[in-house]
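Undergrad: Mapping to my numbering: the sequence shown position 270 is 995, numbers consecutive. Virtual Cβ for every residue (Gly too), placed ideally from N, Cα, C. Just so we're clear, the structure is a prediction, and the values are computed from it rather than from any experiment. Attaching a single structure in structure tokens format; questions to follow.
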Amino acid sequence: MSEPIIVGVDGSRAALAAVLWALDDAARRARDLRIVHVVAPSVHGGQPYERALDDAVREEGERMLAEAAALAAESRKDVRVSTELLYGNTTEILRAQAVDAAAVVVGSRGVDGFAGLLLGSVGLGLAGHVAGPVVVVHGAPAIVQGEIVAGVDPGDAVHPALDYAFEEARARGARVRVVHAWDVPAGRSGTETIAQATQERVRTVLTPWTKRQPGVAVTVSVVRGKPVAALCEASARADLVVVGSRGRGVIRSAVLGSVSHGVLHYAACPVAVVRPRVRTD
Ligand SMILES: Nc1ncnc2c1ncn2[C@@H]1O[C@H](COP(=O)(O)OP(=O)(O)OP(=O)(O)O)[C@@H](O)[C@H]1O
Ligand SMILES: [Mg+2]
726 MSEPIIVGVD GSRAALAAVL WALDDAARRA RDLRIVHVVA PSVHGGQPYE
776 RALDDAVREE GERMLAEAAA LAAESRKDVR VSTELLYGNT TEILRAQAVD
826 AAAVVVGSRG VDGFAGLLLG SVGLGLAGHV AGPVVVVHGA PAIVQGEIVA
876 GVDPGDAVHP ALDYAFEEAR ARGARVRVVH AWDVPAGRSG TETIAQATQE
926 RVRTVLTPWT KRQPGVAVTV SVVRGKPVAA LCEASARADL VVVGSRGRGV
976 IRSAVLGSVS HGVLHYAACP VAVVRPRVRT D
């Protein structure tokens, strides 16, 4: 069987938005959907309680799963949906689930955060930590824009964001907008030449994807400025923004580059952070 799409729920509205996003994606990609809720085992005197004794917590978890499954069933009938209640640390369990998943989807926040929190600990603990796509869904789905934004740095050795962006675009019949932002100190001469050369480099990087997927329309936006600002601005007219987990600009031990981190917080649409399945470093 092909790997399912996993979505985590915690009873929050953001998680239900994530369920709907994951459900549509499962339909587009002919995958099953697995809805997961993770319960922390109660601890007493340092010992976890017997699971069976923890009835109230389990029932509450089952209720959340049933609510999410009912929403999915109401929304569409063409996806096989299962639910699973798991015990442990939410981030650790979802990381483990991601190993055999096509993608992991979560809400940008959940039930615990304070007012104004933009990104909860679960999205932050997954993005860049697991191989493959982690999708963080902000709020309810907006109107369909028909555009997938991919953030690309032509200096990177690999471009996992392009794989996922082109797959999503093909599955949706959408176009891809490749965004690259660059900057030099104000007043420096020769910026026209740099802009042209950068545009050329981005197009060269894109060639294998445009060849492989000739049916997907592509626009290249090479803009002068900060990458997070450029990508978040583009996100206002996109259905999804896709970024890699890190570029060459971060220290090697960092799991999430500053651009991915910023986009996860401020994008106006769902964000996919894609780490290559096979590490190249
Ligand atoms: N116990 C859980 N089981 C499964 N998925 C969860 C669980 N808790 C959160 N999630 C997923 O993660 C998303 C974000 O929730 P998260 O817990 O990160 O934010 P929060 O509750 O606002 O803040 P905090 O980081 O303080 O918990 C939720 O929308 C949901 O998709
Ligand atoms: Mg939480």
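Which residues does DSSP list as the beta-bridge partners of Ala882?
TA: Per DSSP, none; premise fails for Ala882.
Undergrad: With distances taken from each beta carbon to the nearest heavy atom of ligand 1, which residues come in below 6 angstroms, in chain order?
TA: Here the residues come out as Gly733, Val734, Asp735, Ser737, Ala739, Ala740, Ala743, Val761, His762, Val763, Thr815, Val831, Gly832, Arg834, Gly835, Val836, Asp837, Gly838, Leu842, Gly845, Ser846, Val847, Gly848.
Undergrad: At the level of alpha carbons, what is the spacing between Val860 and Val909?
TA: Going from the Cα of Val860 to the Cα of Val909 covers about 32 angstroms.
Undergrad: Taking the Cβ atom as the reference point for each residue, do Ile730 and Arg756 lie within a distance shorter than 8 angstroms?
TA: Against a cut-off of 8 angstroms, the Cβ pair of Arg756 and Ile730 comes out as a contact.
Undergrad: When burial is assigned at 16 or more other CB atoms within 10 Å of the CB, is Thr816 buried or exposed?
TA: Looking at its Cβ environment, which holds 16 or more other Cβ atoms inside 10 Å, Thr816 is buried.
Undergrad: Classify Glu809 as helix, strand or coil using the three-state DSSP reduction.
TA: Looking at Glu809 - three-state DSSP - the assignment turns out to be strand.
Undergrad: Quick check on Leu790: buried or exposed, where buried means 16 or more other Cβ atoms within 10 Å of its Cβ?
TA: So Leu790 counts as buried.
Undergrad: Would you grab the beta carbon distance between Gly848 and Val984 for me? Rounded to a whole angstrom, and I think it's under 8 angstroms.
TA: Actually they do not touch by this definition, with Cβ atoms about 16 angstroms apart.
Undergrad: Cβ atoms of Val804 and Leu851: under 8 angstroms apart, would you say?
TA: Not closer than 8 angstroms, so no.
Undergrad: Go ahead and label Ser970 buried or exposed: buried means 16 or more other beta carbons lie within 10 angstroms of its beta carbon, across all protein chains shown.
TA: The residue in question, Ser970, is buried, as its Cβ has 16 or more Cβ neighbours within 10 Å.
Undergrad: Report the three-state DSSP secondary structure of Glu817 (helix, strand or coil).
TA: Looking at Glu817 - three-state DSSP - the assignment turns out to be helix.
Undergrad: How do the stretch 883 to 899 and the stretch 915 to 928 stand: do at least 3 beta-carbon pairs fall below 8 angstroms, yes or no?
TA: Because the criterion of three Cβ pairs below 8 angstroms is not met, the stretch 883 to 899 and the stretch 915 to 928 do not touch.
Undergrad: If we count the other Cβ atoms within 10 Å of its Cβ and call it buried at 16 or more, is Glu785 buried or exposed?
TA: Exposed, by the Cβ-count rule.
Undergrad: I'd like to know whether the C-beta atoms of Leu900 and Ala894 end up nearer to each other than 8 angstroms.
TA: Per the sequence presented here, residue 900 reads as Arg, with Leu not at that position. Going by C-beta atoms, Arg900 is nearer than 8 angstroms to Ala894.
Undergrad: Three Cβ pairs or more, each shorter than 8 angstroms: is that satisfied between the stretch 862 to 874 and the stretch 954 to 971?
TA: They touch, by the three-pair rule.
Undergrad: Checking contacts by CB at 8 angstroms: is Glu917 closer than that to chain B?
TA: As a matter of chain content, chain B is missing from the structure shown, which is built from one protein chain.
Undergrad: List the whole-angstrom C-beta distance separating Ala739 from Gly864, where the pair is believed to meet the contact cut-off of C-beta under 8 angstroms.
TA: Between Gly864 and Ala739 the Cβ distance is about 7 angstroms, and since that is below 8 angstroms, they are a contact.
Undergrad: Given that a residue counts as buried once 16 or more other Cβ atoms are within 10 Å of its Cβ, and exposed if not, what is Thr1005?
TA: For Thr1005, the predicted model reports a pLDDT of 49, less than 50, meaning its position is unreliable; a value from the coordinates is still stated below. Per the 10 Å Cβ criterion, exposed.
Undergrad: Taking the Cβ atom as the reference point for each residue, do Leu758 and Ala797 lie within a distance shorter than 8 angstroms?
TA: The answer is yes: Cβ separation under 8 angstroms.
Undergrad: Could you name the residues of the same chain whose beta carbon sits closer than 7 angstroms to that of Leu989, not counting the 5 residues immediately before and after it, in chain order?
TA: Closer than 7 angstroms at the Cβ level, and outside the excluded window around Leu989, lie Leu844, Gly848, Ala852, Val861, Val996, Val998.
Undergrad: Counting C-beta neighbours from all protein chains within 10 Å, is the total for Pro939 16 or more, i.e. buried, or is it exposed?
TA: Result: exposed.
Undergrad: Identify every run of the alpha helix (DSSP H) within the stretch 926 to 997, keeping only runs that are complete inside it and at least 4 residues long; order them along the chain.
TA: Listed in chain order, the complete alpha helix (DSSP H) runs (minimum 4 residues) inside the stretch 926 to 997 are 952 to 960, 983 to 991.
Undergrad: Would you call Leu745 buried or exposed, if buried means 16 or more other Cβ atoms sit within 10 Å of its Cβ?
TA: Leu745 is buried by the Cβ-count criterion.
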